[in-house]
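> I'd like to ask you about the structure that follows.
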Amino acid sequence: METIAILPSFGGAIWTLLAFVVALSVIVAIHEYGHYIVGRWTGIDAEVFSLGFGPVIYSRYDKRGTKWQVALLPFGGYVKFLGDADAASGKDSEAIATMSEDERRRTMHSAPLWARASTVAAGPIFNFILSILIFSSVLLFQGQARDPLTIAKILPLPQSTQALKPGDEILSIAGVAVPKLDNFDGFAAKLPVQPMLDYKVLRAGSETTVSGPYPYPPMVMSVQPQSAAYDAGLENGDVIEAVDGQPIVAFDDLRRIVAGSDGKALTLKVWRAGQVSDVQLSPRRVDLPMPEGGFETRWLIGITGGLFFEPETASPGVLASAKYGVDQTYFIVRSSLSGIWNIITGAISSCNISGPIGIAQASGAMASQGPSSFIWFIAVLSTAVGLMNLFPVPVLDGGHLVFHAWEAVTGKPPSDRALRVLMGIGLALIGSLMVFALTNDIFCP
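In my numbering, each residue carries its 1-based index in the sequence shown increased by 136.
Here you go:
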């Protein structure tokens with residue numbers, strides 16, 4: 137094979153790896169900083185704060201004597217507290233035995249139970265806080281569509297939209313009055329599915345009627361990573377004019393055809409910036425979390441749609457944005473737990489578990505769609521990392537919290553020998569899960 141032929145693929149791999157490293161580094165840094173700062177607040181000294189493992193690339197000491205370092209392998213990180221034998225927080229019994237009472241109080245292993253438990257729990261909690269802040273900030277600064285529905289920007293379409301203009305306040309479409317946005321669900325179902333419709337708009341203080349396209353055309357607003365659409369090369373802004381030679385007008389037409397495809401290959405006629413081409417893809421079975429809980433299995437190609445214009449927006453305010461951030465994070469946690477349970481019971485496919493390759497591919501895909509999509513992905517992944525670390529598995533934060541709960545109930549921690557055995561079991565479980573997830577990345581469709 138000629139060298140030039142592998143350059144695009146090589147470049148894509150580098151981009152994917154870079155996006156993965158950036159996303160993981162942000163999440164790990166926040167997680168470990170949670171451990172570090174709460175440990176410091178509760179009187180536990182940190183000797184090393186490391187972003188990455190292996191040979192040290194850069195390091196410096198702060199005034200408290202903590203060594204801050206960046207290591208060569210950027211796939212994780214750790215905080216080594218006073219009294220730790222290693223990065224995994226193993227107990228250095230010999231070193232602790234030679235310490236004074238004051239020094240032992242500043243170790244992770246001899247500090248009060250409340251201080252140790254708070255320090256351990258802080259890592260996942262900081263991941264959740266990062267997610268909430270990102271989700272809230274996106275809504276706060278990007279805003280949400282405001283009443284009355286007003287055109288801010290018209291997106292490119294194959295058919296002319298020149299009759300409509302930015303600043304037009306839409307009063308009705310095809311004689312159907314436009315409701316307030318909190319009652320907007322189901323509005324499109326009341327409209328005739330036709331290429332062009334009459335729009336009654338308020339323009340410069342006067343009402344006028346002009347022609348415009350169906351409000352929800354089969355336009356690609358976003359492409360999901362690891363989907364049929366992503367693999368086929370569909371991009372944001374593409375308009376699907378026909379499926380298997382059948383012209384379509386509405387995004388719901390496309391949704392209905394894909395849902396009834398039973399996975400057979402479809403040929404899409406795609407308009408992109410004035411050029412038309414045919415794209416072949418096969419819908420995939422996807423298990424979707426439902427807002428009310430549980431999952432629904434559908435045939436999907438992995439795109440979302442929307443209005444053919446960007447509406448004018450308004451910031452919902454700090455409190456409403458914060459509530460949205462909390463709700464979004466809670467939804468991810470609830471859906472993840474529901475997904476795990478449904479995988480265990482066999483209700484949905486185990487292919488819903490992704491490993492490092494799948495996560496890296498998703499990182500690259502979201503980064504390629506722009507900073508907003510990538511930052512949103514970091515928030516989703518941060519929630520997942522925080523949740524995973526709370527699982528009651530030795531070596532994870534949740535396992536350490538179980539040990540602390542045991543100590544709170546019995547009055548003494550598990551023995552060093554029991555901890556070593558449990559840590560070995562935990563490592564085996566995590567290793568097995570990683571192998572399983574990696575197998576999914578390679579063999580799942």
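The C-beta atom is built at its ideal place from N, Cα and C for all residues, glycine as well.
Here the structure is a predicted model, which means the values were calculated and not measured.
Report the option in V206, G535, F510 whose CA atom is closest to the CA atom of R196.
Answer by Cα proximity: V206.
> Distance, Cα to Cα, P191 vs Q295?
So the alpha carbons of these two residues sit roughly 58 Å apart.
> In chain order, what residues of the same chain have a beta carbon less than 7 Å from the beta carbon of N488, not counting five sequence neighbours either side?
If we look at N488 and ignore the five residues flanking it on each side, its Cβ neighbours are D423, G475, I479.
> Locate the alpha helix (DSSP H) running through P452, then write down its first and last residues.
Where P452 is concerned, there is no enclosing alpha helix (DSSP H), given that its DSSP letter is neither H nor E.
> Would you identify the three-state DSSP class for D83, choosing helix, strand or coil?
Any property of residue 83 remains undetermined from this structure, which presents the chain solely from 137 to 581.
> Y194: buried (16+ other C-beta within 10 angstroms of its C-beta) or exposed?
Exposed, because fewer than 16 other Cβ atoms sit within 10 Å of the Cβ of Y194.
> Nearest to P331 by CA position, among E343, G322, S342, S347, is which residue?
Nearest of E343, G322, S342, S347 to P331, Cα basis: S347.
> Locate the beta strand (DSSP E) running through I393, then write down its first and last residues.
Segment 387–395 is the alpha helix (DSSP H) holding I393; no beta strand (DSSP E) there.
> From which residue to which residue does the alpha helix (DSSP H) around F277 run?
That run of the alpha helix (DSSP H) goes 249–278.
> Short check: CB of D228 to CB of D220, under 9 Å?
Yes, Cβ-Cβ distance for D228 and D220 is below 9 Å.
> Are N263 and G522 close, meaning C-beta to C-beta below 9 Å?
Contact: yes.
> Any idea if E432 is buried or exposed, counting beta-carbon neighbours within 10 angstroms, 16 or more meaning buried?
So E432 ends up on the exposed side.
> For a test of the three-state rule: what should DSSP assign to R282, helix, strand or coil?
R282 falls in the coil class under three-state DSSP.
> Roughly how many angstroms separate the alpha carbons of Y352 and S490, rounded to a whole number?
One C-alpha to the other measures close to 32 Å.
> Helix, strand or coil for V356 per DSSP?
Correct three-state label for V356: coil.
> Give a yes or no on whether the C-beta atoms belonging to M357 and T297 are separated by under 9 Å.
Result no, Cβ atoms of M357 and T297 do not sit closer than 9 Å.
> Name the one or two DSSP bridge partners that V337 has.
DSSP lists I306, T344 as partners of V337.
> Restricting to Cα atoms, I'd like to know which of I265, H245, A233 is closest to A515.
The residue with the shortest Cα to Cα distance from A515 is I265.
> Shortest alpha-carbon distance to A233 belongs to which of V174, T243, L160?
Here the closest residue by C-alpha is T243.
> Could you tell me the boundaries of the beta strand (DSSP E) in which L404 lies?
Its beta strand (DSSP E) spans residues 402–408.
> Considering only residues of the same chain and omitting the five flanking positions on each side of A324, which have a CB-CB separation below 8 Å?
Excluding positions up to five away in sequence, the list reads P351, Y352, A386, D388.
> My output table needs one value for G190: the three-state DSSP class, helix, strand or coil.
It is a strand residue.
> Between Q416 and the rest of its own chain, which residues show a CB-CB distance below 8 Å, the 5 nearest in sequence each way excluded?
Same-chain partners within the cutoff: A368, A401, L402, T403, L404.
> Return the CA-CA distance between Q382 and P328, expressed in angstroms with no decimal places.
Straight-line Cα distance between these residues: approximately 18 Å.
> Less than 9 Å between the C-beta atoms of I180 and A224, yes or no?
Cβ atoms of I180 and A224: not closer than 9 Å.
> Determine contact between the segment 563–579 and the segment 538–553, defined as no fewer than three beta-carbon pairs at a distance below 8 Å.
Short answer: they don't touch.
> Please work out which residues of its chain come closer than 8 Å, Cβ to Cβ, to A365, disregarding the five sequence neighbours upstream and downstream, and give them in chain order.
The residues are V356, V359, L417, I437, G438, I439.
> Give me, in chain order, the residues of the same chain whose beta-carbon lies closer than 8 Å to that of V406; leave out the 5 immediate sequence neighbours on both sides.
If we look at V406 and ignore the five residues flanking it on each side, its Cβ neighbours are L370, D374, V375, I376, E377, V412, S413, D414, V415.
> Report the three-state DSSP secondary structure of L143 (helix, strand or coil).
For L143, the predicted model reports a pLDDT of 38, less than 50, meaning its position is unreliable; a value from the coordinates is still stated below. Reduced to three states, the DSSP call for L143 is helix.
> Quick one: give me the first and last residue of the alpha helix (DSSP H) that R553 is part of.
First-last of the alpha helix (DSSP H) with R553: 552–579.
> I'd like to know whether the C-beta atoms of L333 and A310 end up nearer to each other than 9 Å.
In this structure, A310 lies closer than 9 Å to L333 by Cβ.
> Please classify V375: does DSSP put it in a helix, a strand, or coil?
Three-state result, V375: strand.
> Find the nearest neighbour of G83 within the set D380, G410, R421, A409, judged by alpha-carbon distance.
Since the first residue shown for the chain is 137 and the last is 581, residue 83 is missing from the structure and cannot be characterised.
> Verify whether the separation of the beta carbon atoms of H171 and V256 is less than 9 Å.
Their beta carbons are under 9 Å apart, which means H171 touches V256 by this criterion.
> Counting only the same chain and skipping the five closest in sequence on each side, list residues whose C-beta sits under 8 Å from that of I570.
In the sequence on display, residue 570 carries Met and not Ile. Taken in chain order, the residues that qualify are G491, P492.
> So is K216 buried or exposed if we call it buried at 16+ other beta carbons inside 10 Å?
It is buried - the Cβ of K216 has at least 16 other Cβ atoms within 10 Å.
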